[in-house]
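Just so we're aligned: 354 in the working numbering is position 354 of the sequence shown, and the numbers increase by one with no gaps anywhere. Read the structure below first, then the notes.
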Amino acid sequence: KEKSKHPFRENIEVVLFAIVMAMGLKVFAVEAYQIPTGSMQPTLMGTELLDPATKRPNGALNDRVLVDKISYFFRDPQRWEVVVFRYPLLTHNNYVKRLVGMPNEELWIDGGDLYARELDTDDDFVVLTKPWKVMQNIWKQVLPGVGDDPAQWHGWRITGKATKNDDGYVVFIGDGKCDYSSSIRNGYLHGYPEEVYFSVPNVSSRSREVVGDLRLQFHLDGVQASGFIEAGLELGNNLINAKLDASGSLSLSLPNGEQRVIEIPTNFSGDVDLAFWDHHLRVSLAGDVVFNEKLDVEPHKPRRNRMQFTVKGSGWVLSPVTVSRDIHYLPPRQNAAPIFEISDGHYFMMGDNTQNSLDSRDWQRETFSYDNGIDAPLKIAGDHLQHGSDPMYNNPRWNMSHDIMTVRDEFGNIHTLDENIVKQSADVLQHAPLVPREYMLGRALAVFMPLKPIAPTNRFNLVQ
1 KEKSKHPFRE NIEVVLFAIV MAMGLKVFAV EAYQIPTGSM QPTLMGTELL
51 DPATKRPNGA LNDRVLVDKI SYFFRDPQRW EVVVFRYPLL THNNYVKRLV
101 GMPNEELWID GGDLYARELD TDDDFVVLTK PWKVMQNIWK QVLPGVGDDP
151 AQWHGWRITG KATKNDDGYV VFIGDGKCDY SSSIRNGYLH GYPEEVYFSV
201 PNVSSRSREV VGDLRLQFHL DGVQASGFIE AGLELGNNLI NAKLDASGSL
251 SLSLPNGEQR VIEIPTNFSG DVDLAFWDHH LRVSLAGDVV FNEKLDVEPH
301 KPRRNRMQFT VKGSGWVLSP VTVSRDIHYL PPRQNAAPIF EISDGHYFMM
351 GDNTQNSLDS RDWQRETFSY DNGIDAPLKI AGDHLQHGSD PMYNNPRWNM
401 SHDIMTVRDE FGNIHTLDEN IVKQSADVLQ HAPLVPREYM LGRALAVFMP
451 LKPIAPTNRF NLVQ
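In structure tokens:
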């Protein structure tokens, strides 16, 4: 091959081509974002970390997310996708939330669940059920608690003819029970990475509500068993029982009183996964899904939940139980349960960290209209944000002497109004929950950083 007469120029061309390609990918295809806040935790982490002993700042954990910017050129966003979008009340800021409300529907938050119906109709609200592939990334582990030894069965009460073996499994040598009688609530730190669990600031004051969606995972050994073992869930008004009989049957008692019987292997042994969320029940035995249906249940706010295992017979061996919960969606802070109207071409966004997310539920637009004596009346519109984590980001805000107000409009421009203008202006505060279609920038694909040893935990997973 003939040697190039201009190697330096060719190298420059290669570098420039690589830069152009990288910029093209960034603008049109994919882009990496850093998660700045905790509104999507624990799905996407964006938080400072505290020293567990002193509670003083000790680093931070901010996920890096790869965002697909191509898909929305060819299709509309879909419900449950994690989306990067322009914040409508400050358009140069990008937010990341989960898309929960679609165009031309009404959205209602009740009892921890989301409901929707067609806009401008009197149809009944229908619960919105998250797909299983989404739920697999959303379930928040509650039991065993972080730092607890599963073999100790903290919080469980074991009665009757039952004992624990060296592995912490409960061995039923006769009739017995194992029950958890305390209600599980929407604890703020449920589901957080164990490595940073005690370092994440617990900033929520809204961890008070009883949850109605739970998942039980356990291993069952019935090789030497006789009779049956029954797993019972009391989730508010919804009662679910799954009875596994050594003779080879699974009997399901559903909240509406319906009974289902499913044939299973005799003396079943294997992993059991019993999950109820968004009015949906899924039962998996040894990796095979044997029941997977949406149930006909009424919306309600659960007052308590209970879990219980009952044995009539002997020989059943039960492993420590892993209990997880769904996101328990909360209504806006200023309203118990409003109905949100989503117009054509707009979307409703919520953070997975429903206890500490500034999202469509609480967005407010404040508009100041005043006459400057020269032109037509002037209008300044921006977000209404008070008591935020950073006081300098509050909008609008007064100076120390309370005679000058600073207002940030939706385009990021800063306006200063003296006290007299503020008094004379028409001040309108409106709820502004919707995101226009043209503001939807892309969907989050995967978390690819940070990793150990730079971070205390590895953050590498797909985003669902």
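The beta carbon of each residue, even a glycine, is placed where N, CA and C say it ideally should be.
In summary, Asn-256 is exposed, with fewer than 16 beta-carbon neighbours lying within 10 Å of its beta-carbon over all protein chains present. The distance from the Cβ of Arg-215 to that of Trp-139 is about 6 Å, consistent with a contact at the 8 Å cut-off. For the set Lys-423, Tyr-393, Val-200, Ile-342, the Cα lying nearest the Cα of Asp-51 is the one of Val-200. Looking at Asp-403, Glu-410, Phe-411, the one whose alpha-carbon comes closest to that of Asn-420 is Asp-403. For Ser-71, the enclosing alpha helix (DSSP H) starts and ends at 71-74. Positions of the alpha helix (DSSP H) runs, each at least 4 residues long and wholly inside the segment 102-140, are given as 132-138 in order along the chain. Under the three-state reduction of DSSP output, Arg-157 falls in the strand class.
With a threshold of 16 other beta carbon atoms within 10 Å, Arg-98 meets it and is buried.
The three-state secondary structure of Arg-86, taken from DSSP, is strand. Contact annotation: Arg-361 and Arg-333 have beta-carbon atoms nearer than 9 Å. The beta carbons of Val-96 and Ala-444 sit closer together than 9 Å. For Pro-453, the closest C-alpha among the options Ala-151, Glu-195, Phe-276, Leu-434 is that of Glu-195. Taking a 10 Å sphere around the C-beta of Tyr-393, we find fewer than 16 other C-beta atoms and assign the residue as exposed.
Between Leu-274 and Ala-231 the beta-carbon gap is near 6 Å, inside 8 Å, which marks them as a contact. Residue state for Met-400 is assigned as coil, using DSSP reduced to three classes. If you check the CB distance, Leu-220 and Val-272 come in under 9 Å. Note on geometry: alpha-carbon atoms of Leu-441 and Val-83 lie some 7 Å from one another. Around the CB of Ser-357, 16 or more other CB atoms lie within 10 Å, so the residue is classed as buried.
Per the Cβ contact rule, the segment 34-42 is not in contact with the segment 69-81 (fewer than 3 Cβ pairs under 8 Å). Pairwise C-beta distances place the segment 422-435 out of contact with the segment 47-65, as fewer than three of them are shorter than 8 Å. In this structure, the CA atom of Gly-222 is about 33 Å from the CA atom of Lys-130.
In this chain, the beta strand (DSSP E) harbouring Val-261 covers 259-263.
Scanning its chain for C-beta atoms nearer than 7 Å, with the 5 sequence neighbours on each side dropped, one finds around Ile-414 the residues Thr-406, Arg-408, in chain order.
A residue is called buried once 16 or more other Cβ atoms fall within 10 Å of its Cβ, and His-92, having fewer, is exposed. With contacts defined as CB atoms closer than 9 Å, Leu-90 and Glu-410 qualify as a contacting pair.
When DSSP states are grouped into helix, strand and coil, Val-422 belongs to the helix group. Asn-137 places its beta carbon 9 Å or farther from that of Gln-355.
Three or more Cβ pairs drawn from the segment 164-172 and the segment 140-156 lie within less than 8 Å of each other, which places the two stretches in contact.
Less than 9 Å divides the Cβ of Gly-112 from the Cβ of Pro-302. A Cβ-Cβ contact shorter than 9 Å links Leu-107 with Ile-342. The DSSP-derived three-state label of Pro-57 is strand. Met-40 sits in coil when the DSSP states are folded into three classes, being neither helix nor strand. For Leu-189, same chain residues with a beta-carbon under 7 Å away, outside a window of 5 residues either side, are Tyr-197, Val-200, Asn-202 in chain order.
Closest by C-alpha distance to Val-321, out of Ala-53, Ser-314, Lys-55, Leu-143, is Leu-143. In the three-state scheme derived from DSSP, where H, G and I count as helix and E and B as strand, Gln-430 is classed as strand. Among the bridge pairs identified by DSSP, Thr-354 is matched with none.
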